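Residues in the sequence shown are numbered from 281 upward in steps of one, following this note's numbering. Quick reminder that beta carbons are idealized off the backbone N, C-alpha and C, glycines included. As the structure is a computational prediction, the values presented were derived from the model and not from experiment.
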Amino acid sequence: MKKLMHIYLHPVDGFDELKQKDDGSVLAASVIMVLYFIATAFSRQYTNFRFNYYNVDNTNILFIFISSVLVLFFFCVANWSFTAVFDGEGTFKQIYVVTMYSILPYTVAMTISTILSYAFTVDENAFLSIITTVGLLYSVLLIIISMQQIHRFSGQRNIFALFITLVGVFIILFLGFLILSLFQQISSFISTVFDELIVRFTM
């Protein structure tokens, strides 16, 4: 906890120290990832209806998992793949750890905003937006700083690498949905053929 607070208060020094000592905790990072998933599901399901833009009756836990945890994991994979081309020094473990460390402020902000949604009026919606926006922006800033420190990139090169990483995430998601759709079509075709065969043999 002390190390995390040092990172959040002094991100440049904190992530640089993590890089040098390579002492980031995979367990702590994984716990944060689980908390992020829970906070996302909690926010979408239990934010006061006056501020909730999601249809809670159609909550899909699989979609929440894909849009939160899986996207973060794909970000780590894409960043590790592309930064290797740009001679980045960060290992996959370091990328995973700093990414999950960085997402904690947004996780906390979402949770606070969800709880406070029952105490605020509609006219005070701006305060909830400020809380989540500040948390999100600080998490994004932490990701930018952390990637620059662990890969030893210049500022411009780091921004370019992050842009390529985001493109990679979209490509992975697109291919994933494409493959899933293909398997569903094949499964539907096989099921139809199987049903036809059963009907023919039972006649």
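Residue j beta carbon less than 8 Å from that of residue i
| i | j | result |
| --- | --- | --- |
| Val378 | Ser426 | yes |
| Thr371 | Ala441 | no |
| Val447 | Phe354 | no |
| Arg432 | Phe366 | no |
| Trp360 | Ile375 | yes |
| Tyr381 | Ile466 | no |
| Phe457 | Thr394 | no |
| Ile452 | Ala358 | yes |
Simplified DSSP state of residue i, which is helix, strand or coil
| i | result |
| --- | --- |
| Tyr334 | coil |
| Asn405 | helix |
| Arg432 | coil |
| Gly368 | coil |
| Met281 | coil |
| Tyr398 | coil |
| Gly304 | coil |
| Phe329 | coil |
| Asn438 | helix |
| Asn340 | coil |
| His286 | helix |
With 16 other Cβ atoms within 10 Å as the buried cut-off, status of residue i
| i | result |
| --- | --- |
| Asn340 | exposed |
| Ile383 | buried |
| Ser419 | buried |
| Phe343 | exposed |
| Leu300 | Sequence check: residue 300 is Gln here, not Leu. It is exposed - the Cβ of Gln300 has fewer than 16 other Cβ atoms within 10 Å. |
| Ala399 | exposed |
| Gly435 | exposed |
| Gln464 | exposed |
| Gly294 | buried |
| Tyr386 | buried |
Neighbourhood of residue i by C-beta, 6 Å cutoff - its chain only, sequence neighbours within 5 removed
| i | result |
| --- | --- |
| Ala389 | Ile411, Thr412 and Gly415 |
| Arg330 | Val402 |
Own chain partners of residue i with C-beta closer than 7 Å, once the 5 adjacent residues on each side are dropped
| i | result |
| --- | --- |
| Ser397 | Thr327, Asn328, Phe331 and Leu408 |
| Ile423 | Thr379 and Ser382 |
| Met313 | Val349, Leu352 and Met380 |
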